[in-house]
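K.L.:
Quick one: the structure is below, questions incoming.
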Amino acid sequence: MSFEQLLGELKSGDKERQIRALLELDASGLFINKGESAADFSLRLAKLNDALCEIKEGKSRYDSEYLGFDKVDAKLISEASAITWRLYRFRAEWVPVRVSKKNTGPFCEGILYEFDGYLPAIFLKNPNKKNSAEILAHEMCHAAKLPFAESVYCEYFPRKTEENAFRQLAGNLFRKWQIPCAIFASLSLWALLIALGKIALALIALIPAILAFAREIYISQKLKKSRAKLELANFEALALLFRMTDSEIFELANAKDANAWISDMSARSIRWEVYKAAFSKSGAKVRE
Numbered sequence: 006m007s008f009e010q011l012l013g014e015l016k017s018g019d020k021e022r023q024i025r026a027l028l029e030l031d032a033s034g035l036f037i038n039k040g041e042s043a044a045d046f047s048l049r050l051a052k053l054n055d056a057l058c059e060i061k062e063g064k065s066r067y068d069s070e071y072l073g074f075d076k077v078d079a080k081l082i083s084e085a086s087a088i089t090w091r092l093y094r095f096r097a098e099w100v101p102v103r104v105s106k107k108n109t110g111p112f113c114e115g116i117l118y119e120f121d122g123y124l125p126a127i128f129l130k131n132p133n134k135k136n137s138a139e140i141l142a143h144e145m146c147h148a149a150k151l152p153f154a155e156s157v158y159c160e161y162f163p164r165k166t167e168e169n170a171f172r173q174l175a176g177n178l179f180r181k182w183q184i185p186c187a188i189f190a191s192l193s194l195w196a197l198l199i200a201l202g203k204i205a206l207a208l209i210a211l212i213p214a215i216l217a218f219a220r221e222i223y224i225s226q227k228l229k230k231s232r233a234k235l236e237l238a239n240f241e242a243l244a245l246l247f248r249m250t251d252s253e254i255f256e257l258a259n260a261k262d263a264n265a266w267i268s269d270m271s272a273r274s275i276r277w278e279v280y281k282a283a284f285s286k287s288g289a290k291v292r293e
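Using my numbering, the first residue of the sequence shown is number 6, and each one after it goes up by one.
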């Protein structure tokens, strides 16, 4: 269906038609948000569609400063989309992607910009790099989750698009610059105090690093529990977790039965009806 047809289906009031449209939109990286009705979602998408049309027509107010740069090759977008589809079952090929050293800055290879709270745009420093598809896939993950609330896992899922094992393991620590800075400062002060022979003070200096690592272990364990329960219930775990809020991940981790929990959620939310239909391996046909 065309984008306009999908919006019409969302406004139809017919639940089956809405779910079919939501499934198609979900596969394109356009996710309905927690607590958002199909009608409200359609209004948000209409604004996004208007902005994207303005960009295509060269009429966007952001063209001169931000979007008037070279577009990346369609092949690169396709390669990045293949990564996000393999991991999370979406292809956000609608997101504007441009080449700009100016907008990426000196320290980033890729960056996501947010305009007016609903329009994402991705900038790459060098689209010819060997890992440029991974970088773009990483930013596509951020773009797809732009409407969502801030998450303690905001770097966990995007980092899985990269082959580098360290980035996958430790990348989520960098979701806020304060976390690695606190750890580095704590460990540096600890080492200095040890060298000075001040053991008691050195142990106190370790507290911020210990608390930071303890928090990371806690949220990691919650995610692992939820993933294990989804896999046991025969769901596409990573794809579903990618779309869940932090509170939902924590709730599922504590739930006795994933199938019962998901059934309860889908009875109360069209969003979860879509998830149940899309990601159950034993129910609806898995999207290919």
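Ideal Cβ positions, reconstructed from N, Cα and C, are used throughout, including at glycine.
Would Leu-117 and Glu-144 be called neighbours here (beta carbons separated by less than 7 Å)?
P.N.:
In the sequence shown, residue 117 corresponds to position 112, counting from 1. In the sequence shown, residue 144 corresponds to position 139, counting from 1. A contact, by the Cβ cut-off of 7 Å.
K.L.:
Nearest to Ile-60 by alpha carbon, out of Ala-148, Pro-125, Asn-239 and Glu-221?
P.N.:
Within the sequence shown, residue 60 is the residue found at index 55, counting from 1. The shortest C-alpha separation from Ile-60 is found at Pro-125.
K.L.:
Among the residues of its own chain, which have a CB less than 6 Å from the CB of Asp-75, if the five just before and after it don't count?
P.N.:
Numbered from its first residue, the sequence shown carries residue 75 at position 70. Counting only Cβ-Cβ distances below 6 Å, and skipping sequence neighbours, we find Val-104.
K.L.:
Rounded to whole angstroms, what is the Cα-Cα separation between Leu-15 and Leu-151?
P.N.:
Within the sequence shown, residue 15 is the residue found at index 10, counting from 1. Within the sequence shown, residue 151 is the residue found at index 146, counting from 1. Using only the alpha carbons, I get a separation of about 20 Å.
K.L.:
Can Ala-258 and Lys-227 be called in contact, C-beta distance under 7 Å?
P.N.:
In the sequence shown, the residue the question calls residue 258 occupies position 253. In the sequence shown, the residue the question calls residue 227 occupies position 222. The answer is yes: Cβ separation under 7 Å.
K.L.:
What runs of the alpha helix (DSSP H), each 4 residues or longer, lie entirely inside the region 69-125?
P.N.:
Within the region 69-125, the complete alpha helix (DSSP H) runs of at least 4 residues are 79-93 and 106-109.
K.L.:
For the alpha helix (DSSP H) that Ile-37 lies in, which residues bound it at each end?
P.N.:
For the purposes of this step, residue 37 is taken as residue 32 along the sequence shown, with counting starting at 1. From DSSP, Ile-37 is part of no alpha helix (DSSP H); its letter is neither H nor E.
K.L.:
Whose C-beta lies closer than 6 Å to the C-beta of Pro-132 among residues of the same chain, with five residues either side of it excluded?
P.N.:
Position 127 of the sequence shown, counted from the start, is the residue given in the question as residue 132. Only Val-77, Leu-81 and Val-104 meet the Cβ criterion.
K.L.:
Cα separation between Arg-25 and Gly-122?
P.N.:
Along the sequence shown, one-based indexing puts residue 25 at 20. Along the sequence shown, one-based indexing puts residue 122 at 117. Those two C-alpha atoms are separated by around 26 Å.
K.L.:
Is the region 171-189 touching the region 213-224, taking contact as three or more C-beta pairs under 8 Å?
P.N.:
Yes, the region 171-189 is in contact with the region 213-224.
K.L.:
What's the gap between the Cα of Glu-119 and the Cα of Asp-45?
P.N.:
Taking the sequence shown and counting its residues from 1, the one referred to as residue 119 is at position 114. Taking the sequence shown and counting its residues from 1, the one referred to as residue 45 is at position 40. The straight-line gap from Cα to Cα measures roughly 20 Å.
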